[in-house]
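*Asks:* Before I ask anything, here is the structure I am working with.
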Amino acid sequence: MSAFSAQKWEKLFRNIDLFIQGFGTTLYIVLLGLLLSLVLGAIFGVISTSHRKVLRGIARVYVEFFQNTPLLVQVFFLYNALPYVGVFIPVKTIGIIGVGIYHGAYMAEVVRTGIEATPKGQRDAADSQGFSYVQTMLYIILPQALKVMLPPLTNVAANLIKNTSILAIIAGGDLMYQADSFASSTLAYGPAYVVVGILYFIICFPLSRLSGYLEQKFGATPKPKDYTALLSAYGIGKGAAK
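Using the numbering used here, read the sequence shown as starting at 1 and increasing by one per residue.
Have a look at this one:
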């Protein structure tokens with residue numbers, strides 16, 4: 001029997017609810033994992049450019065450790081090792097934490113690179129006006145760095161989506177797990193993996209289009225010439241209205 005015979009496709013469509021369920025679980029893990037990675041990336045990316053050596057050191061340890069250890073090892077640690085010390089985490093939560101922390105390290109590098117790409121003179125000017133480090137980042141540096149960061153952030157997000165397939169190994173209930181379970185019980189491997197590929201494409205392809213749109217939108221935004229005046233409008237800095 002062919003790997004793509006009509007009978008195998010018929011089996012797939014009779015069990016399409018399994019794929020829909022797995023797709024929904026994958027989206028759930030992706031959304032929360034992406035949110036976690038963005039938060040961690042922003043925090044560690046910003047402190048990696050701090051003037052304080054201790055903060056930079058903490059950021060480097062986080063980035064280097066998670067970038068240089070396999071995601072699979074990290075997921076196995078959460079799934080298999082933590083229960084031995086009395087820590088039990090639901091499988092879906094393991095997926096969210098695993099992909100979130102892992103890709104947060106890559107997000108942090110993107111944020112750091114974007115910050116360092118902005119002219120240093122702007123930070124010096126903000127310091128001279130009495131702006132705090134956080135205010136400088138929020139109102140001057142990060143808005144400009146966003147355009148630089150968007151394409152690589154989108155790539156990291158796409159990798160996060162694809163890496164959720166690793167959770168099939170720990171019975172994460174995601175799309176890949178449901179496809180593996182269905183294929184092993186029906187031998188309809190061809191149709192199962194075709195559908196999985198299409199569904200992952202449906203998630204990832206719009207990201208590339210969204211990246212282009214956002215890059216064009218932010219690139220078209222005029223940059224203020226007088227950042228002191230801009231921040232004064234927010235009530236920040238020495239030039240702020242009292």
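Virtual Cβ for every residue (Gly too), placed ideally from N, Cα, C.
Small disclaimer: the values here were computed from a predicted structure and weren't measured.
Compare the Cα-Cα distances from D17 to each of V195, F77, P152, L34 and report the closest residue.
*Replies:* V195
*Asks:* In chain order, what residues of the same chain have a beta carbon less than 7 angstroms from the beta carbon of A42, not counting five sequence neighbours either side?
*Replies:* By the criterion of a C-beta distance shorter than 7 angstroms, A42 is surrounded in its chain by V111, once the five residues flanking it on both sides are discounted.
*Asks:* With H, G and I counted as helix, E and B as strand and the rest as coil, what does DSSP make of R52?
*Replies:* coil
*Asks:* Can you check which of these residues, V134, V63, Q67, Q178, is closest to N15 by C-alpha distance?
*Replies:* Nearest of V134, V63, Q67, Q178 to N15, Cα basis: Q178.
*Asks:* Using three-state DSSP, classify I89 as helix, strand or coil.
*Replies:* coil
*Asks:* The alpha helix (DSSP H) spanning D124 covers which residue range?
*Replies:* 120-128
*Asks:* At the level of alpha carbons, what is the spacing between F66 and L138?
*Replies:* 26 angstroms
*Asks:* Less than 8 angstroms between the CB atoms is what I'm expecting for L199 and F23, so what's the real figure, rounded?
*Replies:* 5 angstroms
*Asks:* Consult DSSP for M137 and reduce its assignment to one of helix, strand or coil.
*Replies:* Shown here, M137 sits in a helix according to DSSP, grouped into three states.
*Asks:* Can you tell me whether P191 is buried or exposed, with buried defined as 16 or more other CB within 10 angstroms of its CB?
*Replies:* buried
*Asks:* Please return the same chain residues whose Cβ sits closer than 7 angstroms to the Cβ of G98, not counting the five positions on each side in sequence.
*Replies:* Excluding residues up to 5 positions away in sequence, L71, Q74, V75, L78 lie with their Cβ nearer than 7 angstroms to the Cβ of G98 in the same chain.
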